[in-house]
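Student: First the structure, then my questions, so here it is.
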Amino acid sequence: MKDLLKNSSLAVVLVVLIVIWFVVYGTSKLSSTNNNPDTTAPAQASIAALADCLTTKGYKLYGAFWCSHCKQQKDLFGISVNKLNYIECSTPDGKNQLEVCARENIEAYPTWGLPDGTKQTGLMTLQQLANSSSCPLN
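For the sequence shown, my numbering begins at 1 and goes up steadily by one.
Encoded structure:
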């Protein structure tokens, strides 16, 4: 009888420990998992709206496939990069500039061509682009 009582007590203690572990660790993991999609969705929507607005207003991004800053600039837009008016300036071998960029006097990458004909050279943050264009970035 003592052994049965001892085994029952161990089983109860084990169940209580499992429940405590789940409450402490299990629910915190579940709540953090559920929060991730909600926090990233508005940012992507805002970036997509910025890309659409820049394109509508006539902004052009001149770059080269081998340019690391151009890659960083495009990466800021994530999946919305395809909404931008991007002009590749490099020949496929990476040794020369294409005529479309030479005509525009593009001398460095990345370069943003603004609707008024001016150019902004170098990596720009999304906020800088929003400010420059008066496009919203929420």
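By construction, the Cβ of each residue, glycine as well, lies at the ideal position given by its N, Cα and C atoms.
Taking the alpha carbon of Lys-74 as the point to measure from, which residue in Pro-136, Arg-103, Ser-8, Leu-126 has its own alpha carbon closest?
Tutor: Leu-126
Student: Look at Tyr-62 and Cys-89 and say whether their C-beta atoms are less than 9 Å apart.
Tutor: yes
Student: Between Tyr-109 and Cys-70, which are expected to be in contact by the criterion C-beta below 8 Å, what is the C-beta distance as a whole number of angstroms?
Tutor: 5 Å
Student: Compute the beta-carbon to beta-carbon distance between Leu-137 and Leu-50, rounded to the nearest angstrom, for a pair I have assumed lies under 8 Å.
Tutor: 5 Å
Student: Once DSSP output is grouped into helix, strand and coil, what is the label at Ile-87?
Tutor: strand
Student: Quick one: what's got a C-beta closer than 6 Å to Thr-121's C-beta in the same chain, skipping five residues either side?
Tutor: Closer than 6 Å at the Cβ level, and outside the excluded window around Thr-121, lie Ala-108, Thr-111.
Student: Looking only at DSSP bridge pairs, what is Gly-143 linked to?
Tutor: An answer regarding residue 143 cannot be provided, because it is not within the stretch 1 to 138 covered by the chain.
Student: What is the DSSP secondary structure of Lys-119, reduced to helix, strand or coil?
Tutor: strand
Student: Return the CA-CA distance between Ser-156 and Leu-129, expressed in angstroms with no decimal places.
Tutor: Outside the displayed range of the chain (1 to 138) lies residue 156, so it cannot be described from this structure.
Student: Put Thr-55 into one of helix, strand or coil per three-state DSSP.
Tutor: helix
Student: Name the two residues that bound the continuous beta strand (DSSP E) containing Thr-111.
Tutor: 111-113
Student: Could you check the C-alpha separation between Thr-39 and Asn-85 for me, to the nearest Å?
Tutor: At Thr-39 the pLDDT is 47, less than 50, meaning the model places this residue with poor confidence; the figure from the coordinates comes in the next sentence. Using only the alpha carbons, I get a separation of about 28 Å.
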